[in-house]
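Asks:
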Amino acid sequence: MTRVLDESPATFDSYRNAGGGEAIAGARLVEPEAVIQVVADAGLRGRGGAGFPTSRKWAAVADFASSTIPSTVVVNAAEGEPGSFKDRAILRANPYRVLEGALVAAVAVGADRVVVALKASFTKERAMVERAIHEVTAAGWAEGIEVTVALGPSEYLFGEETALLEVLNGRAPFPRVAPPFRHGVDEIGDGVESAADLELATEDEGTTAPPTLVGNLETFANVPGIVVNGPAWFREVGTEQSPGTIVCTVTGDTVRHGVVEVPMGTPLSRVIELAGGGPGTGRTVKAVLSGVANPFLPGTLLDTPLTHEDMEACGSGLGAAGFIVFDSTRDLVACAQGVSNFLAVESCGQCEPCKRDGLAISHLLRDVCDSDAPPDAFEVLTDLVANVSVGNRCFLATQHERVVGSLLRLFPDEVKAHIEHRAHPVAPVRIAPIVDIVEGAAALDEDHERKQPDWTFNDHDSGKWPADRIDQELHHRHPVSGRPAT
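Position one of the sequence shown corresponds to residue 8 (our numbering), numbered consecutively onward.
1) How close, in whole Å, do the beta carbons of Val332 and Gly259 come, if the pair is a contact with beta carbons under 8 Å?
2) Using a threshold of 7 Å, state whether the C-beta atoms of Leu2 and Val80 are closer than that.
3) Looking only at C-alpha atoms, which of Thr75, Arg290, Glu40, Thr291 sits nearest to Arg63?
4) For Pro217, which three-state DSSP category applies?
5) How long is the line joining the alpha carbons of Ala32 and Thr405, rounded to whole angstroms?
6) For a test of the three-state rule: what should DSSP assign to Lys458, helix, strand or coil?
7) Rounded C-beta distance between Gly283 and Val266? I'm assuming under 8 Å.
8) So, are the CB atoms of Val307 and Met271 less than 7 Å apart?
9) DSSP puts Phe333 in a beta bridge; with which residues?
10) Could you have a look at Arg400 and say whether DSSP puts it in helix, strand or coil?
11) Do the CB positions of Ala139 and Tyr103 come within less than 7 Å of each other?
12) Beta strand (DSSP E) containing Gly365: first to last residue?
13) Thinking Leu391 and Ile368 are a contact (beta carbons under 8 Å), I'd like their distance in whole angstroms, please.
14) Hey, Gly365 and Ala351 are a contact pair by Cβ (cut 8 Å); roughly how many whole angstroms apart?
15) On the CB-based measure, 16 or more other CB atoms within 10 Å of its CB, does Ala17 come out buried or exposed?
16) Who are Gly265's beta bridge partners in DSSP?
17) Alpha carbon to alpha carbon, what distance is there between Pro180 and Glu88?
18) Below 7 Å CB to CB, which residues in the same chain sit around Phe227 once its five sequence neighbours on both sides are set aside?
19) With a threshold of 8 Å, are at least 3 pairs of Cβ atoms found where one atom belongs to the stretch 293-303 and the other to the stretch 371-389?
20) For a test of the three-state rule: what should DSSP assign to Leu391, helix, strand or coil?
21) In this structure, does DSSP put Ser413 in helix, strand or coil?
22) Does the structure place the stretch 286-294 close enough to the stretch 318-337 that three or more beta carbon pairs sit under 8 Å?
23) Tell me whether the stretch 122-137 and the stretch 151-171 touch, counting them as touching only if at least three CB pairs, one residue from each stretch, are closer than 8 Å.
24) What do you get for Glu408, buried or exposed, if any count of 16 or more other CB atoms within 10 angstroms of its CB means buried?
25) Do you know offhand how far His315's Cα is from Leu172's?
26) Based on the DSSP output, what are the partners of Lys131 in its beta bridges?
27) Could you have a look at Asn301 and say whether DSSP puts it in helix, strand or coil?
28) Apart from the five residues on each side of it in sequence, which residues of its chain come closer than 7 Å, Cβ to Cβ, to Gly50?
29) For the alpha helix (DSSP H) containing Arg35, name the first residue and the last one.
30) Determine, using beta carbons only, whether Leu309 and Leu275 come nearer to each other than 7 Å.
31) From the DSSP output, read off the bridge partner residues of Arg178.
32) Can you give the Cα-Cα distance for Gly26 and Val174, rounded to whole angstroms?
33) Under 7 Å, do Pro361 and Val433 count as touching if we go by C-beta distance?
34) Since Thr155 is in the beta strand (DSSP E), which residue starts that stretch and which ends it?
35) Rounded to a whole number of angstroms, what is the C-alpha to C-alpha distance between Leu281 and Gly56?
36) Could you check whether Leu12 and Ala69 sit closer than 7 Å to each other, using their CB atoms as the reference points?
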């Protein structure tokens, strides 16, 4: 299907001739509550991974609106989930639809600015978005709304919505505790230097801090079609609880790598065939990961429909629909170590168990891969996995628990073969974000292999965790506009 992933790159004229601009024009003619209700009736759920109902987030921002300062809409295009390339594929095909969806959201929640957050390394996408912003602004679509691009670091946590807002406010990508769609975060306290010390503002405190609407790029791309064609049109495909389409990425042990848009409810096996051409000749799919956020899905469950409820029911999760396929030749201990290493390195260290136990899991899994682990390694891994997410403020530690925990639960014999029987050593599988997909082959971020747990690229790790090492400057004003922090 091609609801949000156009078959060929759109120009502004081609998008407008196909009805582009009708959604934002229509949204301005009705009450904001009516726009939110249309999105609610459509049943749109966030496409960033959690599947949170979009209308509930929009309604919360509208309900918690500041009496003095307009809200902000942030398009989360900081795609860094290993296995996912869908956001950049959508942008490359049609940035205008994304911007129009964000403008509709701004009208619905009373925001006067839209910020498209990209990694600084996304130079191609930045140029396309900036050109598109100029074109939609010149056409009058953004009347009364400032639309800008904000660039961020390569860190994985830049894609976590509260950490993303930290970056927009001039600090490092360290997650906050508070959800941004509340009143926001009142930057109070003497000598505050990190997100850990920012306190949640409440209605009773009389703060003027506005809430912020952060949404995934694909989510916004769905909005114009819903507003113009109506909820019933959106629900023509998909399921009752997971309506619409979803854009999937397939990489790993498949004939090719690619991105495809399918109706929600399509079996995972079909997506692997459509986007990846299936596993190689004579091989079968052993397991699949949805990014690094969900448990292994065994190859015996490939007929699971791609909905939030079905993927959760089978013990995994839909996530951002970035599927990394591992075929029958793979040692899944090596695959899990690659995930564990990625998450341990990318942990910021604000939560001690996440960084400390995460690194311990990664190191012990490497020993297991080398068939050089102590006899009690399985039990030690089980204990570490049970504690890595204690007190976590974001989902990263839980991801570590889910992926490695599923290895121990679903494939214990592979782990024990290395520990008890000293199976042939295997090299860890490299897990890293996708840089690009060219001619059916995904190129992974090679620099990530050199990244240390302290977030430097030095020859040796300093031993300091990022939250302790990085000297942050606290900005009480937005670094670009001079407005209060988001």
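Even for Gly, the Cβ is constructed at its ideal location relative to N, Cα and C.
Only a predicted model underlies this, so the values are computations on that prediction, with no experimental measurement involved.
Replies: Once the coordinates are examined:
1) 4 Å
2) With the chain represented from 8 up to 493, any question about residue 2 goes unanswered, as that position is not in the structure.
3) Glu40
4) coil
5) 42 Å
6) coil
7) With 8 Å as the limit, Gly283 and Val266 do not qualify as a contact, their Cβ atoms being about 10 Å apart.
8) The sequence given here places Thr at residue 307; Val does not occur at that position. Going by C-beta atoms, Thr307 is not nearer than 7 Å to Met271.
9) Ala294
10) coil
11) yes
12) Note, Gly365: premise wrong, no beta strand (DSSP E); alpha helix (DSSP H) at 359-376.
13) 5 Å
14) 4 Å
15) buried
16) Val257
17) 15 Å
18) Val82, Val105, Gly108, Ala109, Ala112
19) no
20) helix
21) helix
22) yes
23) yes
24) buried
25) 26 Å
26) Its beta-bridge partners do not exist; DSSP assigns none.
27) coil
28) Arg242, Pro250
29) From DSSP, Arg35 is part of no alpha helix (DSSP H); its letter is neither H nor E.
30) yes
31) The partner list for Arg178 (beta bridge, DSSP) is empty, contrary to what the question assumes.
32) 35 Å
33) One point to set straight first is that residue 361 is Cys, not Pro, in the sequence displayed. For Cys361 and Val433, no; Cβs fall outside 7 Å.
34) 153-159
35) 21 Å
36) no
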